[in-house]
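Residue numbers (UniProt numbering): 1 to 207.
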């Protein structure tokens, strides 16, 4: 396959890949749905950055499927209508989206070594789970977040780069297990074990 070279003026004449109708009118539907609510307030409500919401409203970028689901859920709108301006059809069945929960993955790292934590961490993306699978584990989506492991002190249980879920409702030691600790502004993944005179903090990797 060959490619023709074109100068800047010719490139400006190329048809924009986003159609004028359907998904191309997503920014307008988003702005109309927001009404008087600001991008900043809505971004906090849906879990995305203010910059991302403004970019979607201007049409500079378009959301991925998981982000579209978060926006539609926060607005109380049908996801297919928000994206395409259509009601649900057989060609794009999104009714099953209610069965999924989207947990934010933050750019903060949880150290299994020296420790790393960013107080102003941002959401990198959202990880989807079926609500049923979370319920089976006794977890509530609204109280979950995810971060990545950094370091090798918990190998072979946890490896550097692994993603872990944090249940923010569990703020007390309920038994021996791996917990996320915050000490001096840093996060650590360690095994905690109750002793009669206190708590032992254990690293799996003794090397």
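Idealized CB from N, CA, C, for every residue including glycine.
Taking the DSSP output, what are the residues bridged to residue 198?
BP columns for residue 198 point to 195.
Rounded to a whole number of angstroms, what is the C-alpha to C-alpha distance between residue 52 and residue 187?
Using only the alpha carbons, I get a separation of about 27 angstroms.
So, with DSSP's three-state summary, where would you put residue 141?
Helix, per DSSP.
Terminal residues of the continuous alpha helix (DSSP H) containing residue 41?
Looking at the DSSP string, the run of the alpha helix (DSSP H) that includes residue 41 is 39 to 46.
Three or more C-beta pairs closer than 8 angstroms, one from the segment 158 to 165 and one from the segment 192 to 200: is that the case here?
They do not touch, by the three-pair rule.
Looking only at its chain, what residues have a beta carbon closer than 8 angstroms to the beta carbon of residue 56, apart from the 5 residues adjacent to it on each side?
For residue 56, where only same-chain residues beyond five positions count, the Cβ hits under 8 angstroms are 26, 27, 30, 62, 63, 71.
Check residue 136 in the structure and name its three-state DSSP category.
Three-state DSSP puts residue 136 in a helix.
Do we get a CB-CB distance below 8 angstroms when we pair residue 182 with the residues of chain B?
No chain B is part of this structure, which consists of one protein chain only.
According to DSSP, is residue 51 helix, strand or coil?
Helix at residue 51.
Going by C-alpha distance, which of 138, 135, 203, 142 is nearest residue 156?
When only C-alpha atoms are compared, the closest one is 203.
How big is the Cα-Cα spacing for residue 153 and residue 77?
For residue 153 and residue 77, the distance between alpha carbons rounds to 45 angstroms.
In angstroms with no decimal places, state the Cα-to-Cα distance between residue 69 and residue 131.
Going by the C-alpha atoms only, they are around 14 angstroms apart.
Could you work out which residue in 124, 98, 169 is closest to residue 142 when comparing CA atoms only?
Checking every option, the nearest Cα to that of residue 142 belongs to 169.
What separation, rounded to the nearest whole angstrom, lies between the Cα atoms of residue 37 and residue 175?
Each residue's alpha carbon lies about 45 angstroms from the other.
Do residue 107 and residue 122 have their CB atoms nearer than 8 angstroms?
The answer is yes: Cβ separation under 8 angstroms.
Using 10 angstroms around the beta-carbon of residue 67, count the other beta-carbons present and answer buried if the total reaches 16, otherwise exposed.
Buried: at least 16 other Cβ atoms inside 10 Å.
What separation, rounded to the nearest whole angstrom, lies between the Cα atoms of residue 124 and residue 199?
Whole-angstrom Cα-Cα distance: 34 angstroms.
For residue 81, which of 24, 100, 158, 35 has the nearest alpha-carbon?
When each option's Cα is compared against that of residue 81, the closest is 24.
Whose CA, out of 137, 101, 65, 74, lies closest to the CA of residue 84?
Residue 65 is the option with its Cα nearest to residue 84.
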